[in-house]
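Reading through the C-alpha cells given below for one structure.
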Amino acid sequence: MTATFLPPDDPRWAAFLRRVAHDVYHLPGYVAAATVHEGGTPTAFFAEADGHALLLPLLLHPLPPALNAPPSWRDAASPYGYPGPLLTPGCPADTFEALLHALRREAAARGLVSLFLRLHPLLPVPVSPLAAIGDVRRHGPSVYLDLEAPARYRRDHRSGLRKLRQAGYTLQMDAWEHEHAFRTLYAATMRRVRAEPFYRFDAAYFTALRERLPGALHLATVHAPGGT
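Printed below as a string of C-alpha cells:
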C-alpha cells in the first residue's frame, strides 16, 4: 500500500481524476480556490492498495489559539460543496476500509487531530467502512435535476418563459464583462435573505474560481430589452 497527501499541482491528482467519475469539487483548482474564502492549505489524501485507489480533497487548518495546542497540530475538512471520497470502480468495502485506516495513520503522523468530510450525494461510497472509523451523520435528502433529461416545466412557467422571449429578454452565456453585475446581484440577494456570513462570497473568491477552473465555470445572465 502507498499513502500520502498531495499538493494541487501533483500530477497524480489529475491522473486519478481521469480514471473516475468526479465533480468540479474534486478538481485541484477548485480546492485551491476554496482557500481564498475558507483559508487553509489545499491538499488531497491519496492511497493505493490491491489495484484500487482513494482520493479525498481537503483543506488543512491550524487549530484555534484558544486551545493552546502544539503549533504543529491541525484539523482537516472538505472544502465547501460535495468533494467526497472518490474510489476506483469496483473497490471492495474491505479495501476501502484499509485505505481509510491508512488515512488515519498518515493524518496522525502529520499532526491532524480531526477530519470532517462531506460526502457526494451522486457519487456514493460504502458507508460502513466510514462508520467503522468515525461518526456518520445523515442531514436529509439532496434534490437534483438531471440536465441531460428533456426539460419539463409547469404550465405557468412555460407561459412566463414565452412572455419573456416575446418581450425581448435574452440569455447570454459566459459574457464575462457582466461578472461585476452578477457579483452585485449575488451580494444583494445574500443581504435580502439574511444569509450567514459564510455565503457572502467576495470578489476575490469569484475571481479565484474563474482563474483556477478554466472551462469548468460558466456565467449565465438574462438581459432585459434595454440591456440590464
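Read in order, the letters of the sequence shown correspond to residues 0 to 227 in numbering that gives the first Met the number 0. Built from N, CA and C at the ideal position, the CB exists for glycine as well.
Check: Which residue marks the beginning of the beta strand (DSSP E) containing Pro56, and which one marks its end?; Outcome: His51 to Pro61
Check: Counting along the chain, where does the alpha helix (DSSP H) carrying Thr183 start and finish?; Outcome: Glu178 to Arg191
Check: Can you name, in chain order, every residue of its own chain whose Cβ lies under 8 Å from the Cβ of Val112, other than the five neighbours on each side?; Outcome: Leu62, Ala68, Trp72, Arg73 and Asp74
Check: Span of the alpha helix (DSSP H) holding Pro27?; Outcome: Pro27 to Glu37
Check: From which residue to which residue does the beta strand (DSSP E) around Asp93 run?; Outcome: Here Asp93 belongs to no beta strand (DSSP E); instead the alpha helix (DSSP H) covers Ala92 to Ala108.
Check: Please state whether DSSP places His156 in a helix, a strand or coil.; Outcome: helix
Check: From Val124 to Ala106, what does the alpha carbon distance come to, in whole angstroms?; Outcome: 20 Å
Check: Output the distance between the C-alpha atoms of Phe181 and Thr220, rounded to the nearest integer angstrom.; Outcome: 8 Å
Check: When you compare the CB positions of Thr34 and Pro41, do they come within less than 8 Å of one another, or not?; Outcome: yes
Check: Enumerate in chain order the residues of its own chain whose CB-to-CB distance from Leu58 is below 8 Å, with the five nearest sequence positions on each side excluded.; Outcome: Val30, Ala33, Thr34, Glu37, Gly38, Gly39, Thr40, Pro41, Thr42, Ala75, Ala76, Ser77 and Pro78
Check: Would Ser71 count as contacting chain D if we go by Cβ distances under 8 Å?; Outcome: Within the model displayed, chain D is absent; a lone protein chain is all it includes.
Check: Nearest to Leu16 by alpha carbon, out of Met0, Pro84 and Ala2?; Outcome: Pro84
Check: For Ala186, which residues in the same chain have their Cβ closer than 8 Å to its Cβ, ignoring the five residues on either side in sequence?; Outcome: Arg199
Check: Under 8 Å: do the region 194-210 and the region 2-16 share three or more Cβ pairs, one atom per stretch?; Outcome: no
Check: Below 8 Å, can you find three or more Cβ-Cβ pairs linking the region 89-100 to the region 116-123?; Outcome: no
Check: Tell me the rounded alpha-carbon separation between Leu86 and Ile132.; Outcome: 17 Å
Check: Going by beta-carbon coordinates alone, are Tyr168 and Pro224 separated by less than 8 Å?; Outcome: yes
Check: Name the two residues that bound the continuous beta strand (DSSP E) containing Ala148.; Outcome: No beta strand (DSSP E) contains Ala148, which DSSP labels as neither H nor E.
Check: Looking only at C-alpha atoms, which of Val192, Pro128, Asp134 and Tyr152 sits nearest to Leu53?; Outcome: Pro128
Check: Name the DSSP beta bridge partners of His222, please?; Outcome: Thr169
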